[in-house]
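A.B. asks: Dropping the structure in here first, questions after.
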Amino acid sequence: MAEFFPDLTNDHRAFIARQPVFFVATAAAGGRINLSPKGMDTFRVLGADTVAYLDLGGSGNETQAHLAVDGRITIMFCAFDNPALILRIYGRGRFVVAGDAGYADLAAHFPPLPGQRQVFVIAVESVQTSCGWGVPRMTLEAERQTLVKYHAQQDPAARLERIAGRTRSIDGLPVRVQTEIPAVKP
47 MAEFFPDLTN DHRAFIARQP VFFVATAAAG GRINLSPKGM DTFRVLGADT
97 VAYLDLGGSG NETQAHLAVD GRITIMFCAF DNPALILRIY GRGRFVVAGD
147 AGYADLAAHF PPLPGQRQVF VIAVESVQTS CGWGVPRMTL EAERQTLVKY
197 HAQQDPAARL ERIAGRTRSI DGLPVRVQTE IPAVKP
């Protein structure tokens, strides 16, 4: 059954390090609930009470919009192998957009991926584990390279120009667009 912890233990860290995918959920009053799958070695445990993930440009920016107005965030990992386990991190999040003070220091925790947009930093409020017995067993075939390839072929100046007008989320909440494309060496 479910068990709660005040922060991440060493066993939690080891479990997280083995997972190739995680899910991010946020919400803001009156809007849609956002639930996004993430991968590509973009999650880091920075301490027992702090985690972060590198966000690449994609189809929207709901997580940033929700955190700006509400702050609540849930991260979920689930094992698709044995032993079965689900781990949720409940916390309060903030974003550091590429070009902001402190961005380079945070981004240094992650592999140099093209398309970096921001880093989300989450202050852990509690951790929950549960059995995960209903989650199917699956095998990872390979990471998709499509998003990385897409961003690698983009001209940085053209990308900044294209995203400059994307100042609203799907629900019309304000978002802050990046003003800098981090240099990434393959």
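Using this note's numbering, read the sequence shown as starting at 47 and increasing by one per residue.
The beta carbon of each residue, even a glycine, is placed where N, CA and C say it ideally should be.
Note that the structure is predicted; figures quoted are calculated from it, not measured.
With DSSP as the reference, please indicate the residues paired to Lys84 in a beta bridge.
C.D. replies: Along the sequence shown, read from residue 1 onward, the residue named residue 84 stands at position 38. In the DSSP assignment, Lys84 forms a beta bridge with Phe68.
A.B. asks: Residue ranges of each beta strand (DSSP E) run of no fewer than 3 residues wholly in the stretch 157-208, ordered along the chain?
C.D. replies: 162-176
A.B. asks: Val221 and Gln110: beta carbons closer than 9 Å?
C.D. replies: In the sequence shown, the residue the question calls residue 221 occupies position 175. In the sequence shown, the residue the question calls residue 110 occupies position 64. A contact, by the Cβ cut-off of 9 Å.
A.B. asks: Between which residues of its own chain and Asp87 is the CB-CB distance below 6 Å, once the five residues before and five after are set aside?
C.D. replies: For the purposes of this step, residue 87 is taken as the residue at position 41 of the sequence shown. Excluding positions up to five away in sequence, the list reads Pro157.
A.B. asks: To test your reading of the DSSP string, which unbroken alpha helix (DSSP H) runs of 4 or more residues are found completely within the stretch 66-148?
C.D. replies: 108-115
A.B. asks: Mapping the DSSP letters down to three states, classify Arg214 as helix, strand or coil.
C.D. replies: Counting from 1 along the sequence shown, the entry for residue 214 is found at position 168. Of the three classes helix, strand and coil, the one that applies to Arg214 here is strand, per DSSP.
A.B. asks: Does the beta carbon of His155 fall short of 8 Å from some heavy atom of the ligand HEM?
C.D. replies: Inclusion of the ligand HEM in the displayed structure is not the case, the ligand content being empty and no account of it being possible.
A.B. asks: Skipping 5 residues on each side, what residues in its chain have a beta carbon closer than 8 Å to that of Ile209?
C.D. replies: If you number the sequence shown from 1, residue 209 lands on position 163. The residues are Gly103, Val223, Gln224.
A.B. asks: When we look at the beta-carbon of Ser215 and count the other beta-carbons within 10 Å, is it buried (16 or more) or exposed?
C.D. replies: The residue you call residue 215 lines up with position 169 of the sequence shown. So Ser215 ends up on the buried side.
A.B. asks: What separation, rounded to the nearest whole angstrom, lies between the Cα atoms of Tyr196 and Gly178?
C.D. replies: Against the sequence shown, residue 196 aligns to sequence position 150. Against the sequence shown, residue 178 aligns to sequence position 132. Taking the straight line joining both Cα atoms gives about 34 Å.
A.B. asks: Can you round the beta-carbon distance between Ala153 and Leu100 to whole angstroms, since I take them to be within the 8 Å contact cut?
C.D. replies: As a working mapping, residue 153 is identified with position 107 in the sequence shown. As a working mapping, residue 100 is identified with position 54 in the sequence shown. At roughly 7 Å, the Cβ-Cβ gap stays under 8 Å, so Ala153 and Leu100 are in contact.
A.B. asks: Ile119 and Ile168 look like a contact to me (Cβ under 8 Å); what is the Cβ gap, rounded to whole Å?
C.D. replies: Here residue 119 corresponds to residue number 73 of the sequence shown, with the count starting at 1. Here residue 168 corresponds to residue number 122 of the sequence shown, with the count starting at 1. That pair is a contact at about 6 Å.
A.B. asks: If you follow the beta strand (DSSP E) that Glu49 is in, where does it begin and where does it stop?
C.D. replies: On the sequence shown, position 3 is the one that residue 49 refers to. Unbroken beta strand (DSSP E) run through Glu49: 49-51.
A.B. asks: DSSP puts Pro220 in a beta bridge; with which residues?
C.D. replies: Locating residue 220 in the sequence shown gives position 174, counting from the first residue. Arg214, per the DSSP bridge assignment.
A.B. asks: Look at Glu189 and Gly106 and say whether their C-beta atoms are less than 9 Å apart.
C.D. replies: Position 143 of the sequence shown, counted from the first residue, corresponds to residue 189. Position 60 of the sequence shown, counted from the first residue, corresponds to residue 106. Contact: no.
A.B. asks: Between Arg134 and Gln174, which are expected to be in contact by the criterion C-beta below 8 Å, what is the C-beta distance as a whole number of angstroms?
C.D. replies: Along the sequence shown, read from residue 1 onward, the residue named residue 134 stands at position 88. Along the sequence shown, read from residue 1 onward, the residue named residue 174 stands at position 128. Indeed they touch by this definition, with Cβ atoms about 5 Å apart.
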